[in-house]
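The block underneath contains the structure these notes are about, expressed in structure tokens.
Here is the structure:
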């Protein structure tokens, strides 16, 4: 769209002139001609510009507002305003409302002349006079010169002493501007914005600002919506918000301004009369516009004013009506093709069609826009053929290229949410309003790449037609005046110069004219980007080839290489057998690479083009050794290619004669290389070739030896060469790899000259060393010369095709029908070493160490050297140690388990034994352990062939014991500490700063619990329990926990077996808070430890063996809570009458509150008691009280039930009485057992 004047296709938005903010802003110049510029209306303000930080930020913010800039999308619907803002000085320059009176008209006319707008075809000063329709000046008038709103900024003085005088100046200046604007005849809206000059605090309505503003408004004659006040702002964001509010309030006024202009145009059109010009035309055949011409002018005005209002529906209808009127037989058809007005009508048709298409795209009608684009191109072609210079010239192709570019640029400037690049959308579906039966595939709106590529084709056609221009027409007019005059007077000229240069400027003789190549490249680059974004790879390649050819012709070969090299490296074309594209890319890339001295690219392309799958290029040498001739190289090219990166012309197959073989033997193999090139291609001579294997065969390297050519046996197109291979010493020191783990490399020599369409067979005898699955994975062909280094890699793939095996003597071939003939299964050499487990496997248990002895016996016929690998797999397997003599190797923990890798055990003589010990740390949890032992050895006479002997076994350590637990409360014998004592005053250290043990002792509340552990053995063997104990697991920073065994075990221990009943052991657990102020409950976590050994170990050893410790976790319990407890204990005092029992009831209050309890003891027929029958107890915080009862039972041999009730008087809650020593309970309360007397038992 650059060929069209700027204002003709600009998206229209209401114009807003801002004045008074910048002292450096310049006045907008009219630049409409001397006659109009001389009659310009100047409106000047005498007030100085506002100078403040707020004004500076407003100038910057308002100056960036321009709604005419792309992207043009429907987001404008939600925008509060849409303006095009111009910052100007205090002086405004507006075009005159009426044209000046003609000088000749004043003397010749008797009646007063009717003056019209200087932009009207009715005025003699207009370029349209007398029969023009509309030009760019009228569009520029409304877009750049005449604003809808004029925004004047003034400074409002906050000083009370100067306020009155300054306000009067403001009123005078506003009134003068308003009068001048009214006198000019323009309907622009005058708006004043007052900025406070205060810095600290803005003027409030209580300070009289409202009255001042109202006084200024009335004095200036402005309405209520034409004056604004901006208080001082602290941040730029506040300034922007204030500006947005002002513009939002002014936008309806601006829209109404253009609506009035639209009504005026509609009113003129509806009159149906032809206006009278100021002075009738009298020269030649000039005539005034007809009514149809005026309808076109009015319809265009209506459409443009609708765009100002952002009413695209109305604009679309107006443009459609204007276009139909313009292209009718009454307007464009009536203009002779040789007159300038014909091109003006064509120009007007172009901009009308473009604006119409833009409105359709804006309204979401892409298919309708494409149809209108096609319709206009067809119509213009018809008009140019019938009335113009025809369509067989460079001017028409230039217009067609521009027409395609306009569509692409419109799409780029419009926001297309349904066709973003990342969505891979190639075209937009047609809208539902278009009848489907009338649609064609090209009516869908394709992405911009389609339009740019089509434009490049028309630009190429333009260049082709331009080259056909005769030399006489390419001369400058001043060089041949006679020829120029004849061309000017002739009506038979054949060049269409509409929006394009004349022939002598299009393709001049002695100086550069139009840069056709750059125009084509620009379009192709834009098309390439669009196609690449949407993944159209074939189109990308085609466009890149065209662009590279143009760049190479222009001398920009380096850019052509950068464009084509990624495409050449992409194997997609080769994978789909798009050979034509691949060949075109290769030759274009080579041509550009030669000009840029890219030797690596030239070598790569020449190597690929040797394939006979491509077409034969006549007179081309096809010799890779001569590819770099004529190039200036800075360094030697190094090229690496593969069968995946280029089209291969070399195929390679490696065949093993047999499917299986044994380590230590040799196997026969053949490497068959076939060249598929043209018959006249030069022979290919390699420096070396390398075969790589995966598995137990090392790499094979064959170097070129021309003297071996005599040993080649040839039959027709097949040559067989027997290659003798020798082993090379393996080196693994650089990577820290054991030499024994690296297969030795093999080396041989042979003739490496390959002729066209020939198969060369290398007959190989490969020594086998390591067992396992082995396959040939790849072949490398290397050409290393003084000029370059080229490496080509190809891989061996599985194939169901039949492969031929050639006899090296008779040259006859047999068929190998294996699916994967390049694979070989190498069976291990049978080992004679004996590996056994000395220690008999038995049941093992957790928490005990384990040692296993292994015996290694050398049954080979000679000495060996061995190393051992051990793997212990399982969940929770501990560390293991491999002991050999005085050497101990620890394991490494890996994902598969504990491993001991590659431990050398040295040489083992013939018929000798070696003892190994595996030591396991104690297993902590029951699990299943799988142990694998591998001994890798080799004979001293054949160190390259490894032999493997292995064994595996498993065992399952299990838990030796299980236990159950019972936790019951007991009464702690020690008194509780008092909150009112002086214990807290004890010093934590003495005079020597030594810790005071008295102060460090726990001083909090204490409790005693009885833990009964019922345990039994799960072992299949007899175990001896040496000791038992309690391990405290919970942290002791706040609570001290001490466990004491009630009854110690015998010194010799206890022997237990699986069949025995559970045994019980009791512990007293004393817990005490370290701080009396700590009221939080504590979690007691314990573990029951059993110290045990095997009985047979005790019997076999004179000394006590080390015992094992099995820890069984006790379920956690909460202790030392703050809830009150009632504990009942029973005792029988010494010397008391027979049957008398003492029951002590202790109430504990561990909280920090004063509590009151009621205690009730009901009488019973089963016993008599002494003690309080009903009483009330007050218990202080963190204290306990005891109530004593004496019970004398009336029965024996049964339980008595004391009816004791303890109730919290505040909460009215009955507390449970917890039995302790000598007592029990059930759901109904306490129970005390009364044994029978001796006499009663006898009875």
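In the numbering used here, the protein residues as written are 145 to 1387. Where is the CB? At the ideal position from N, CA and C, for every residue including glycine. Fair warning: this is a prediction, and the values are worked out from it, not measured in the lab.
Check: Among 355, 843, 462 and 521, nearest to residue 491 - alpha-carbon criterion; Outcome: 521
Check: Residues near residue 463 in its chain [Cβ-Cβ closer than 6 Å; skip 5 each side]; Outcome: 447, 496, 499 and 500
Check: Where the beta strand (DSSP E) containing residue 1352 begins and where it ends; Outcome: 1347–1352
Check: Sequence-distant residues of the same chain with beta carbon closer than 8 Å to residue 1121, five excluded per side; Outcome: 1127, 1147, 1148, 1149, 1220 and 1326
Check: Own chain partners of residue 366 with C-beta closer than 6 Å, once the 5 adjacent residues on each side are dropped; Outcome: none
Check: DSSP beta-bridge partners of residue 544; Outcome: Per DSSP, none; premise fails for residue 544.
Check: C-alpha gap between residue 1053 and residue 1008, whole angstroms; Outcome: 7 Å
Check: Helix, strand or coil at residue 490 [DSSP, three-state]; Outcome: helix
Check: Proximity to residue 948 [Cα-Cα], best of 659, 796 and 552; Outcome: 796
Check: 8 Å Cβ cutoff, residue 752 in contact with chain E; Outcome: Going by chain labels, chain E is absent from the structure shown, which holds only one protein chain.
Check: Buried/exposed call for residue 1208, threshold 16 Cβ in 10 Å; Outcome: exposed
Check: Cβ distance (whole Å) where residue 849 is taken to contact residue 894 below 8 Å; Outcome: 6 Å
Check: Close Cβ partners of residue 517 (< 7 Å) along its chain, the five nearest in sequence each way excluded; Outcome: 501 and 551
Check: Counterpart residues of residue 758 in DSSP-defined beta bridges; Outcome: None; residue 758 has no bridge partner.
Check: Backbone secondary structure at residue 1381 - three-state DSSP; Outcome: coil
Check: Secondary structure of residue 303, DSSP reduced to three states; Outcome: coil
Check: Residue 408 versus residue 503: straight-line alpha-carbon distance, rounded; Outcome: 23 Å
Check: Nearest neighbour of residue 298, chosen from 202, 280 and 285 [CA to CA]; Outcome: 202
Check: Ordered list of beta strand (DSSP E) runs contained in the stretch 965–1027, each at least 3 residues; Outcome: 967–971, 978–981, 994–1001 and 1008–1017
Check: Same chain, Cβ closer than 6 Å to residue 149, five either side skipped, listed in chain order; Outcome: 280
Check: Beta-bridge pairing of residue 809 - partner residues as DSSP gives them; Outcome: Residue 809 pairs with nothing; no bridge assigned.
Check: Candidates 229, 387, 458 and 784: closest to residue 410 by CA position; Outcome: 458
Check: Distance between beta carbons of residue 1045 and residue 1076, contact taken as under 8 Å; Outcome: The Cβ separation is near 12 Å, so there is no contact.
Check: Those residues which DSSP pairs with residue 1086 across a bridge; Outcome: 1083
Check: Length of the line joining the Cα atoms of residue 657 and residue 542; Outcome: 14 Å
Check: Selection from 775, 1164, 758 and 1105 that minimises the alpha carbon distance to residue 822; Outcome: 758
Check: Start and end residues, beta strand (DSSP E) containing residue 359; Outcome: Per DSSP, residue 359 belongs to no beta strand (DSSP E); it is in the alpha helix (DSSP H), 353–364.
Check: Range covered by the beta strand (DSSP E) that runs through residue 1257; Outcome: 1252–1263
Check: Nonlocal neighbours in the same chain, by C-beta distance under 7 Å from residue 1311, ignoring five residues either side; Outcome: 1335, 1336, 1337, 1338 and 1344
Check: First through last residue of the beta strand (DSSP E) which encompasses residue 371; Outcome: 371–374
Check: Sub-8 Å separation of residue 289 and residue 238 beta-carbons; Outcome: yes
Check: Neighbourhood of residue 147 by C-beta distance below 7 Å, restricted to the same chain and skipping five residues each side; Outcome: 546 and 643
Check: Selection from 1080, 1098 and 1084 that minimises the alpha carbon distance to residue 1090; Outcome: 1080
Check: Whole-angstrom distance between residue 743 and residue 613, CA atom to CA atom; Outcome: 40 Å
Check: Whole-angstrom C-beta distance between residue 1352 and residue 1301, which should lie under 8 Å; Outcome: 6 Å
Check: Residue 1133 - DSSP class collapsed to helix/strand/coil; Outcome: Note that residue 1133 has pLDDT 47, beneath the 50 cutoff, so the model's placement of it is unreliable and the number below is only indicative. Residue state, collapsed to three classes: strand.
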